[in-house]
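Line order of the protein sequences matches chains A and B.
As numbered in the working numbering, residues 2 to 114 make up the first sequence, in order.
As numbered in the working numbering, residues 1086 to 1199 make up the second sequence, in order.
Backbone N, C-alpha and C fix where the C-beta goes; we use that ideal spot for every residue, glycine too.
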Amino acid sequence: GENVEQHPSTLSVQEGDSAVIKCTYSDSASNYFPWYKQELGKRPQLIIDIRSNVGEKKDQRIAVTLNKTAKHFSLHITETQPEDSAVYFCAANLSGGYNKLIFGAGTRLAVHP
Amino acid sequence: DVKVTQSSRYLVKRTGEKVFLECVQDMDHENMFWYRQDPGLGLRLIYFSYDVKMKEKGDIPEGYSVSREKKERFSLILESASTNQTSMYLCASLQGTAYTGELFFGEGSRLTVL
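Structural data, given as structure tokens:
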């Protein structure tokens, strides 16, 4: 079946450094790619998304890039802060007529002061 | 503010018991989902529903069933709980479509099957 692969599974950075999380997807018809952040003990929440008609989107310290040819998209966090520590999930929508999102396995980001 | 409420945060059940996990959303969303979250495996889709009484299997439906009798309520049922169903279960409601919208998650139900 269709899937989304996410790397790395864990990422440790020093406060102020940048962090990059990468995802690849298999459904060539996918056209929506959201990122969700899950803080410890809390529910996942949408932080940024990108659609297939753009190659990059930025919101303050976070940005997402999309390469449709390579079926690859990435989350970039600059000037990381301790509150960025969380599990991040990438996702892609699936073709086939239903409103389905398939998620990557998640990346646990730890930002050390 | 969209609210998705899962009735039980923590449950402990015995093997073979029937388990009901309830989820209610207050925003009149058509699409609702049940995911299972396990470390290193991410969020895996169990079942979803796109309308009242309509349901579709996700990626891991075996051992589960669902019920959607009212638009706001989507229930996950474990007919005969097994130890490998020990997990965190997340309900979600979709605002819009999977191209335009946002998933709103409940706080999760952590199920332990002994």
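Cα-Cα separation between residue i and residue j, rounded to whole angstroms
| i | j | result |
| --- | --- | --- |
| S1178 of chain B | E1115 of chain B | 8 Å |
| G1191 of chain B | P114 of chain A | 31 Å |
| M1112 of chain B | E1157 of chain B | 8 Å |
| G1127 of chain B | F104 of chain A | 7 Å |
| F1189 of chain B | G17 of chain A | 30 Å |
| Y1149 of chain B | S75 of chain A | 33 Å |
| T79 of chain A | D1144 of chain B | 34 Å |
| R1195 of chain B | Y1174 of chain B | 6 Å |
| E1154 of chain B | H73 of chain A | 39 Å |
| I51 of chain A | A93 of chain A | 10 Å |
| S29 of chain A | L1096 of chain B | 40 Å |
| A87 of chain A | K38 of chain A | 6 Å |
| S13 of chain A | P45 of chain A | 20 Å |
| K23 of chain A | P9 of chain A | 7 Å |
| K101 of chain A | D1136 of chain B | 14 Å |
| C1101 of chain B | G1181 of chain B | A small fix is needed here, since residue 1101 of chain B is Gly in this sequence, not Cys. C-alpha separation (whole angstroms): 38 Å. |
| Y1120 of chain B | G1193 of chain B | 9 Å |
| E84 of chain A | V112 of chain A | 8 Å |
| N32 of chain A | S53 of chain A | 5 Å |
| L110 of chain A | I1162 of chain B | 33 Å |
| G97 of chain A | Q15 of chain A | 42 Å |
| S1093 of chain B | L1106 of chain B | 7 Å |
| R1090 of chain B | V1109 of chain B | Reading off the sequence shown, one finds Thr at residue 1090 of chain B, where the question assumed Arg. Roughly 5 Å between the two C-alpha positions. |
| F34 of chain A | I1131 of chain B | 20 Å |
| V1104 of chain B | P1124 of chain B | 22 Å |
| S1165 of chain B | S19 of chain A | 47 Å |
Residue-level contact to chain A via CB, residue i, 7 Å cutoff
| i | result |
| --- | --- |
| N1116 of chain B | yes |
| L1128 of chain B | yes |
| F1190 of chain B | yes |
Three-state class that DSSP yields for residue i in the structure shown
| i | result |
| --- | --- |
| E84 of chain A | helix |
| T1182 of chain B | coil |
| N94 of chain A | strand |
| T108 of chain A | strand |
| Q184 of chain A | Residue 184 of chain A is absent from the structure shown; chain A starts at 2 and stops at 114. |
| N68 of chain A | strand |
| T1168 of chain B | helix |
| L76 of chain A | strand |
| A30 of chain A | coil |
Interface flag, residue i vs chain B, CB-CB below 7 Å
| i | result |
| --- | --- |
| R44 of chain A | yes |
| N54 of chain A | no |
| N100 of chain A | yes |
Beta-ladder partner(s) of residue i, from DSSP
| i | result |
| --- | --- |
| E1141 of chain B | B:F1133 |
| Q15 of chain A | A:H113 |
| I103 of chain A | A:A93 |
| M1117 of chain B | B:S1134, B:S1178 |
| G1127 of chain B | B:D1123 |
If you measure beta-carbon to beta-carbon, which residues of the segment 102-113 of chain A are closer than 8 Å to chain B?
L102, I103, F104, G105, A106, G107
Below 7 Å between beta carbons is the criterion; list the residues of the segment 17-51 of chain A that meet it against any residue of chain B, in chain order.
N32, Y33, R44, P45, L47
Using Cβ-Cβ distances below 9 Å, what residues of the segment 1164-1190 of chain B are close to chain A?
L1175, A1177, L1179, G1181, T1182, A1183, Y1184, T1185, G1186, E1187, L1188, F1189, F1190
Check each residue of the segment 1136-1149 of chain B: if its Cβ is closer than 9 Å to any Cβ of chain A, include it; give the result in chain order.
E1141, G1143, D1144
Could you please tell me which residues of the segment 75-96 of chain A, in chain order, have their CB closer than 7 Å to any CB of chain B?
F90, N94
For the segment 1090-1104 of chain B, list every residue whose C-beta sits within 8 Å of some C-beta in chain A, in sequence order.
none
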